[in-house]
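Here our numbering = 1-based position in the sequence shown + 68.
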Amino acid sequence: MTTLPALDIHDLHFRYAGMPSTEPVVDIQSLKLDRTDQMLLKGRSGSGKSTLLYLIAGLMEPQGGQVLINGENIHELQGEKRDLFRGRTIGMIFQTFNLLQGFTALENVLAALMFSELPPKHHRERATALLDSLGIDRPNQFVERLSIGQQQRVAVARAVACEPALVLADEPTASLDPENADAAMDLIQKACLETGAALLCTSHDPSLASRFERCVDLSQLRVEPELDTKTLEMSTDRARRGGETTID
């Protein structure tokens, strides 16, 4: 039985209102991630990395193209159907975490599990076990009273709670010092592997390149007519050596 890609993008185009049609923020002909694949998407600030993630998550509408998550075109879904699909199949980790203030760590994960296909009677058990596995020893503490490192762990737990096909991490280490940033990436990558999720991580930090077998600059996606697994594998050694990837 063939497993559908976690992410499959075709001819995706987006530009903000008022921008010339010749200057799209996002212009990607092909990009695919299978389950457990992990890719680092590099680019300078303002290059469109976050915009791409919002398009993938169905939080913004493209001018053209398709974003398939597990074979489903997320932009063909509307309203509650899209929200439910996103909640079940896509986990998101934000630079500022976006945790629910005034709620506990446990309640934050339980909120994510509202979208899960897991029977509600098992939600608390799932959330508790997940937080424990990620080293959260105070699940009933309000998240704003947790350390930055602990808040990051709660954000990761929330992202993988529904065992999504895809996790989107937008500059997840930008607000952390180098030591905590390294620990956070260990946590994110391990959690995605254990739950079978593909990971698409954005960053302008070149030091993260060595952590990923697949590493590409957003500008390369705009000019390359076909970016497939073989092309990305050819760039792996370059990314590891110098933190820069050039696709010939």
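Here a beta-carbon is modelled for each residue, glycine too, at the ideal position from N, C-alpha and C. Please read all numbers here as calculations on a predicted model, not as lab measurements.
Going by beta-carbon coordinates alone, are D229 and P240 separated by less than 8 Å? The sequence position of residue 229 within the sequence shown is 161, counting from 1. The sequence position of residue 240 within the sequence shown is 172, counting from 1. The question names Asp, yet the displayed sequence has Ala at residue 229. No. Outside cutoff.
Just mark L236 as buried or exposed, buried being the case when its beta carbon has 16 or more other beta carbons within 10 Å. Stepping through the sequence shown from its first residue, residue 236 is reached at position 168. Classification of L236: buried, given that the 10 Å Cβ count is 16 or more.
Where R83 falls: helix, strand or coil (DSSP): For the purposes of this step, residue 83 is taken as residue 15 along the sequence shown, with counting starting at 1. R83: coil per DSSP, three-state reduction.
CB-CB under 6 Å to P232, same chain, minus the five flanking residues each way: which ones, in chain order? Taking the sequence shown and counting its residues from 1, one reaches residue 232 at position 164. Hits under 6 Å: T157, I158, G159, A265.
With distances taken between CB atoms, is the gap from P207 to L261 smaller than 8 Å? Counted from its first residue, the sequence shown places residue 207 at position 139. Counted from its first residue, the sequence shown places residue 261 at position 193. Contact flag unset, no.
Could you give the uninterrupted runs of the alpha helix (DSSP H) lying entirely in the region 147 to 219, keeping only those of 4 residues or more? 147 to 157, 173 to 181, 191 to 201
Between the CA atoms of E247 and L72 - distance to the nearest angstrom: Mapped onto the sequence shown, residue 72 falls at position 4. Mapped onto the sequence shown, residue 247 falls at position 179. Between L72 and E247, the C-alpha separation is close to 36 Å.
Could you check whether Q131 and N141 sit closer than 8 Å to each other, using their CB atoms as the reference points? As a working note, residue 141 is residue 73 in the sequence shown. As a working note, residue 131 is residue 63 in the sequence shown. With a cutoff of 8 Å on beta-carbon distance, N141 and Q131 are scored as not near each other.
Taking N176 as the reference, give the member of V94, V222, L99 with the closest Cα. Counted from its first residue, the sequence shown places residue 176 at position 108. Looking at the Cα atoms, V222 is the closest of the given residues.
According to DSSP, simplified to helix, strand and coil, what is L109? For the purposes of this step, residue 109 is taken as the residue at position 41 of the sequence shown. L109 falls in the strand class under three-state DSSP.
Touching by the beta-carbon criterion (3+ pairs, under 8 Å), the region 107 to 117 and the region 275 to 288: yes
Touching by the beta-carbon criterion (3+ pairs, under 8 Å), the region 207 to 216 and the region 165 to 174: yes
Whole angstroms is fine: what's the gap from L268's alpha carbon to L99's? Taking the first residue of the sequence shown as 1, we reach residue 268 at position 200. Taking the first residue of the sequence shown as 1, we reach residue 99 at position 31. When rounded, the distance between both Cα atoms is 11 Å.
Among residues of its own chain, excluding the 5 on either side of A227, which ones have a beta-carbon nearer than 7 Å to its beta-carbon? As a position in the sequence shown, residue 227 is number 159, starting the count at 1. The residues are G159, M160, I161, V235.
Roughly how many angstroms lie between the CA atoms of F82 and H191, to the nearest whole one? For the purposes of this step, residue 82 is taken as residue 14 along the sequence shown, with counting starting at 1. For the purposes of this step, residue 191 is taken as residue 123 along the sequence shown, with counting starting at 1. For F82 and H191, the distance between alpha carbons rounds to 38 Å.
Closest to A249 by C-alpha separation, out of L276, A259, A225, T263, would be which residue? Mapped onto the sequence shown, residue 249 falls at position 181. The residue among L276, A259, A225, T263 with its C-alpha nearest the C-alpha of A249 is L276.
Cβ-Cβ separation, R279 to Q257 (assumed contact under 8 Å), whole Å: For the purposes of this step, residue 257 is identified with residue 189 of the sequence shown, where counting begins at 1. For the purposes of this step, residue 279 is identified with residue 211 of the sequence shown, where counting begins at 1. Your pair Q257 and R279 checks out as a contact, with CB atoms roughly 7 Å apart and the cut at 8 Å.
Just tell me which of H78, T270, V224 has its CA closest to the CA of N166. One-based indexing of the sequence shown puts residue 166 at position 98. Considering only H78, T270, V224, the residue with the shortest C-alpha distance to N166 is V224.
Taking A74 as the reference, give the member of I124, L101, T263 with the closest Cα. The count along the sequence shown starts at 1 and reaches residue 74 at position 6. If we check each option's Cα against that of A74, L101 comes out closest.
Might you give, ordered along the chain, the residues of its own chain that have their beta carbon closer than 7 Å to the beta carbon of P92, omitting 5 neighbours on each side? On the sequence shown, residue 92 is found 24 positions in, with the first residue counted as 1. Excluding positions up to five away in sequence, the list reads H81, F82, R83.
Specify, as a first and last residue, the run of the beta strand (DSSP E) that S98 falls within. Here residue 98 refers to the residue found at position 30 when the sequence shown is read from its first residue. Segment 94 to 101, the beta strand (DSSP E) holding S98.
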